[in-house]
Structures are given as structure tokens and as C-alpha cells.
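Peer 1: Here the sequence shown is numbered in this note's numbering, starting from 11 and rising by one per residue.
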Amino acid sequence: MILTGNFFLRFALMILTLGFITHIVGIPLITDGSKHTTLSNAGLFIPALILCLFDVQLRKKIFSTAYLPVISMLLFTIVIAGINSHSENSAFSQFKTSLYVLLYLATVAILARENRLTMCLNVSFFIAGILAIASLVVQSIAQEKNIFLGNYRLFSLGYEKYADFQNPIIAALYYGFFGVYGFHQLMTGKHSRVTSTLIAVCLCGLSLYLYCTLSRGVWLGYGLAILTTALLHHNRHSRKWLLLAAGLAGLLAIWLWPVLFSRGLSLRDIIWGQWFDRIKEFWLIGAGAGRKFEICIAQNHCFNQAHNLFLQFFYEYGIIGLTLLLSMLILAFKRSLIRSYWSTPLGGLGLSLLIFATTTALFDYHTVMNRPGVYWLVFWLPIGLVLSQPSPTPAQTQGKIHAG
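(1) Where DSSP assigns a beta bridge to Ile6, which residues make up the other side?
(2) Do you know offhand how far Ser95's Cα is from Glu291's?
(3) I believe His311 touches His376 by the beta-carbon criterion, under 8 Å. Please report the beta-carbon distance rounded to the nearest angstrom.
(4) Express the C-alpha separation of Ala182 and Leu146 in angstroms, rounding to a whole number.
(5) Taking Leu216 and Gly139 to be in contact with their CB atoms under 8 Å, please state how far apart those CB atoms are, rounded to whole angstroms.
(6) Taking 7 Å as the limit between beta carbons, can you name the residues of its chain near Gly414, skipping five residues before and five after?
(7) Measuring alpha carbon to alpha carbon, tell me which of Arg163, Thr41, Ile25 and Phe17 ends up nearest Gly383.
(8) Could you tell me the distance, in whole angstroms, from the CA atom of Ser362 to the CA atom of Ala122?
(9) Check whether the stretch 171-179 touches the stretch 192-200, taking contact to mean three or more Cβ pairs, one atom from each stretch, closer than 8 Å.
(10) Compute the Euclidean distance between the alpha carbons of Ala91 and Thr107, then round it to the nearest angstrom.
(11) If I measure Cβ to Cβ from Gly189 and keep anything under 7 Å in the same chain, skipping five residues before and after, which residues do I get?
(12) When we look at the beta-carbon of Thr75 and count the other beta-carbons within 10 Å, is it buried (16 or more) or exposed?
(13) Shortest alpha-carbon distance to Pro38 belongs to which of Leu54, Ala144 and Thr27?
(14) Report the option in Ser150, Asn132 and Leu242 whose CA atom is closest to the CA atom of His201.
(15) State whether the stretch 338-352 contacts the stretch 384-399, with contact taken as three or more CB pairs (one from each stretch) at a distance under 8 Å.
(16) Which first and last residues belong to the alpha helix (DSSP H) in which Met24 is found?
(17) Indicate whether the contact test is met: 3 or more Cβ pairs, each with one atom in the stretch 274-290 and one in the stretch 63-74, closer than 8 Å.
(18) Please classify Met24 as buried or exposed, where buried requires at least 16 neighbouring CB atoms within 10 angstroms.
(19) From Trp293, Gln315, Ile307 and Leu294, pick the residue whose C-alpha is nearest to that of Gly300; which is it?
(20) Return the CA-CA distance between Ile281 and Gly360, expressed in angstroms with no decimal places.
(21) Just how far apart, CA to CA, sit Leu115 and Glu154?
(22) Would you list, in sequence order, the uninterrupted alpha helix (DSSP H) runs of no fewer than 4 residues that lie entirely inside the stretch 65-95?
(23) Would the beta-carbon of Trp285 fall within 8 Å of that of Val111?
(24) Rounded to the nearest angstrom, how far is the Cβ of Gly29 from that of Leu54, given a contact under 8 Å?
(25) If I measure Cβ to Cβ from Ile157 and keep anything under 6 Å in the same chain, skipping five residues before and after, which residues do I get?
(26) So for Glu154, helix, strand or coil by DSSP?
(27) Who are the Cβ neighbours of Leu230 in its own chain at under 7 Å, not counting the five residues just before and after it?
(28) Can Pro392 be considered in contact with the ligand GTP, in the sense that its beta carbon sits closer than 7 Å to one or more heavy atoms?
(29) Excluding the five sequence neighbours on either side, which residues of its own chain have a C-beta within less than 8 Å of the C-beta of Leu84, listed in chain order?
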């Protein structure tokens, strides 16, 4: 249902559209964290709250059966924050975070309903592509760093504090997300030759940047997501891209074989082993909402998280919390496999991005209950995208990926 007639709601939607773009592109471009938070609140979360309160269809959507697993999981985190005395987050703080998550999902839902989400992601994609290419040029030419053949891991633009993610994994997640989106647009969109060329150039820049981060977990998620997109949209056009991508992946695997295996699991196996050794301490109700998983492997190797979203969530919220998180993801995957959604502009994208989100969650990020940022883009946006699709009819439900 497209908003018509109500000037107040249409104005709120316009602010939300601009605010959503500002929030996403502001992650690398707004160097002041408090300013980015203020702009996100004013342009994204407040308009989303207004629309949830006064747009009846949106409110019904958010409190429909499709969103029940998300709401159940969020409510449980609030309960743990309240009853577990070891929680570092108060129940009120956990409530605010949960409310923000719902508003973020509501934003994706209404922008998809009003046919504005594609435009928002297109703008963000081209800006991300330009930043990726600029980073490659500045770092390799202007600063003369050996980012392609050396051991330097790229994570910033190289000019002041712009596009400085301070960590190559976070940079890889941000640009990897848009790489998956760009490949999907290249496969499914009907573009002019000029537009297709621009998308391809940005996609190459994003992929090269991702390679220069040396983030192997993101490489894996990126490859699986792109493969999924090519397989979902299997036609003569996509087969060419699939063969090209497979050839490049094979060459890269040979080239990067020493990098892939020489570093092992980067101490993650030891961290995970320590997690299992301490499981009796937290398995039932968790160690507490927001509680850090403290571990020191050696004098100079101390960590405060489990380097795995599912293990960290289990640590904080216990077996019930993990079950609710996994149930939410399983139901989202089940919904993304409905064939009738794949023909919509962003329908097939949800599955590819979910694969990217869950694969990288195994190695590269540990929380999605923090301040809105890169982790939310990678995790919550795909879930919101999948849940924003209309509820399937019985005939549509039968048309899943395994149907003949």
C-alpha cells in the first residue's frame, strides 16, 4: 500500500528515506560518532517511530506472525538483562536497543513497500564503490603502500579519518555487503549499457578492496553469496558471469593458498576451546546481557569476545537465547526460499545476503545488539528484507527451492 493523501506521513517517509541513506553512507563518511548517532536518530529512528505509530498497515506488518521470532528473541534479551545480575546492560538499555532493532526492520519494511529501498541501496552502493576505488588509489599510489602483494591489510581511505573502519574485518563486511548487492543488480536488473558498466566498475573496486583486507571469513561469505545469486538467477546471461566468477575464484584460490592456510584460524580455535571449557558457567541463562567474554591466551593476546556471533550470543543469553536466535534465522531462511519472491526486484537478494551474514557471523563479528552500524547492515538489513516480503499463500509456500 503506497502512502497517498496524508502529507504528514509522506513527509515522514521522505525524511526516513534521506535518513536511511545518510545513516548507511555516513558510516564511512561521518567521522564524528556522536554526530552520526544524532543524524541517525533524527533522520531514521524518529521518522520510523512516527510511521509505526500512525501508519496502520506498517504497524500490523511489524506485529505480524512473520516478525514474531524477532520480537520473541528481543524480549528475551530484555528479560536476561533484568534478571541476570551479571549483565553489563540494564533492562532499560536492552529495551532501547531492541526498540531500535524493530524500528530498523520497520524502516526496511516501509521503504520496500513504498518502492524506495532499491533507490536507497543503489545510491549507497555507488558511494561505497567510489570509496573503495578511491581507497585503492590513495593507498597504493599516493601513499605507495604495497596493498596487493604485501601483508598490509586495507581498512581505510588513507585521507584524514574518512572511510577509516579501524579494522580490516569491519571494512571487509561493509564493502562485501555492497559487493553482494552489486552482483545481484548486475544479474537481475535491466540496465542500460552505461549503467551496467558503472555497476561492474564499482563491483570490481569493491571486490579488490575486499581482497586487500585479507579477511578470509568475509572472502568465504562473499563467494558463497555471489554463487547463490548466480544460481538463483540461472539464465544465459548469468551463466557467463558464473563461469567468469568460478574461473577467477579458482585462480585466486591458487594465488592465495599460502594466505588461506598459513595463518590457521588466527587463535579462534583456542578461543572457542576456552569457550567450551567454560560452558557450564553460563549455559542455562547466560553470563549476562552485554557481558564480555574475557580470555587471555598469552600475556599480549587478550580478547573480550568469542569471535563468533552464535557463541557470543550463547555466552550472554544462554541456551534459550541461542535457540531463539537460530529459530529466527531458520525461519528467515525458510521464507527466503519461496520461489515466487525471486522474481521481485529484491526478493532473491535476501537469501544471498542472509548467507553472507551467517557465514561471516561464524568468524568475523560477535554481536548484533550493539549501536547501529556495520553489523546491523550486514545482519539486520537482510532479515528485514526477507520479512518485508508479503506473507506467502499456501500455493507459494509449496514453490520452494526443492520444488520441481
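The beta-carbon is built from N, C-alpha and C at its ideal position, and this holds for glycine as well.
Peer 2: The short version:
(1) The question about residue 6 has no answer here: the residues shown for the chain are numbered 11 through 414.
(2) Reading the sequence shown from its first residue, position 85 is the one you call residue 95. Reading the sequence shown from its first residue, position 281 is the one you call residue 291. So the alpha carbons of these two residues sit roughly 14 Å apart.
(3) Locating residue 311 in the sequence shown gives position 301, counting from the first residue. Locating residue 376 in the sequence shown gives position 366, counting from the first residue. Rounded, the Cβ-Cβ distance is 17 Å, inconsistent with contact.
(4) As a position in the sequence shown, residue 146 is number 136, starting the count at 1. As a position in the sequence shown, residue 182 is number 172, starting the count at 1. One alpha carbon belongs to Leu146, the other to Ala182, and they sit about 13 Å apart.
(5) Start at 1 with the first residue of the sequence shown, and residue 216 comes out as number 206. Start at 1 with the first residue of the sequence shown, and residue 139 comes out as number 129. With a Cβ gap of about 6 Å, Leu216 and Gly139 count as contacting.
(6) Along the sequence shown, one-based indexing puts residue 414 at 404. Residue placement at Gly414 is poorly supported in this model, since its pLDDT is 30, which falls under 50; the coordinates still yield a value, given next. Excluding sequence neighbours, Gly414 sits near nothing in its chain.
(7) For the purposes of this step, residue 383 is identified with residue 373 of the sequence shown, where counting begins at 1. Shortest Cα-Cα distance from Gly383 to any of Arg163, Thr41, Ile25 and Phe17 involves Thr41.
(8) Here residue 362 refers to the residue found at position 352 of the sequence shown. Here residue 122 refers to the residue found at position 112 of the sequence shown. Near 17 Å, if we compare the C-alpha coordinates of Ala122 and Ser362.
(9) Verdict: no, contact absent.
(10) The residue given as residue 91 occupies position 81 in the sequence shown. The residue given as residue 107 occupies position 97 in the sequence shown. C-alpha separation (whole angstroms): 12 Å.
(11) As a working mapping, residue 189 is identified with position 179 in the sequence shown. Closer than 7 Å at Cβ, skipping near neighbours: Leu213, Leu216, Ser217, Leu220 and Tyr232.
(12) Sequence index remark: in the sequence shown, residue 75 carries index 65 (1-based). Classification for Thr75: exposed.
(13) Locating residue 38 in the sequence shown gives position 28, counting from the first residue. Checking every option, the nearest Cα to that of Pro38 belongs to Ala144.
(14) Residue numbering aside, residue 201 sits at position 191 when the sequence shown is read from its first letter. Nearest option by C-alpha distance: Asn132.
(15) Under the Cβ criterion (8 Å, minimum of three pairs), the stretch 338-352 counts as touching the stretch 384-399.
(16) As a first step, residue 24 is located in the sequence shown; it is residue number 14 there, counting from the start. For Met24, the enclosing alpha helix (DSSP H) covers residues Phe17 to Leu39.
(17) No: fewer than three Cβ pairs fall under 8 Å.
(18) Residue mapping note: residue 24 aligns to position 14 of the sequence shown, counting from 1. It counts as exposed.
(19) For the purposes of this step, residue 300 is identified with residue 290 of the sequence shown, where counting begins at 1. Of the candidates Trp293, Gln315, Ile307 and Leu294, the one whose C-alpha sits nearest the C-alpha of Gly300 is Gln315.
(20) Walking along the sequence shown from the start, residue 281 turns up at place 271. Walking along the sequence shown from the start, residue 360 turns up at place 350. Rounded to the nearest angstrom, the two C-alpha atoms are 31 Å apart.
(21) Residue 115 sits at position 105 when you count from the first residue of the sequence shown. Residue 154 sits at position 144 when you count from the first residue of the sequence shown. Rounded to the nearest whole angstrom, the C-alpha separation of Leu115 and Glu154 is 42 Å.
(22) Counting only unbroken stretches of 4 or more residues, the alpha helix (DSSP H) elements lying wholly within the stretch 65-95 are 66-72 and 78-93, in sequence order.
(23) As a working note, residue 285 is residue 275 in the sequence shown. As a working note, residue 111 is residue 101 in the sequence shown. Not in contact: Trp285 and Val111 (Cβ atoms no closer than 8 Å).
(24) The residue given as residue 29 occupies position 19 in the sequence shown. The residue given as residue 54 occupies position 44 in the sequence shown. Rounded, the Cβ-Cβ distance is 4 Å, consistent with contact.
(25) As a first step, residue 157 is located in the sequence shown; it is residue number 147 there, counting from the start. Gln149, Ser150, Leu164 and Cys222, listed in sequence order.
(26) Here residue 154 corresponds to residue number 144 of the sequence shown, with the count starting at 1. DSSP places Glu154 outside both helix and strand once states are collapsed to three, so it counts as coil.
(27) As a working mapping, residue 230 is identified with position 220 in the sequence shown. Answer for Leu230: Thr369, listed in chain order.
(28) Looking at this structure, you won't find the ligand GTP or any other ligand, since it has none at all.
(29) Translated into positions along the sequence shown, residue 84 becomes position 74. Apart from the 5 residues on each side of it in sequence, Leu84 sits with its Cβ closer than 8 Å to the Cβ of Ser108, Val111 and Leu112 in its chain, given in chain order.
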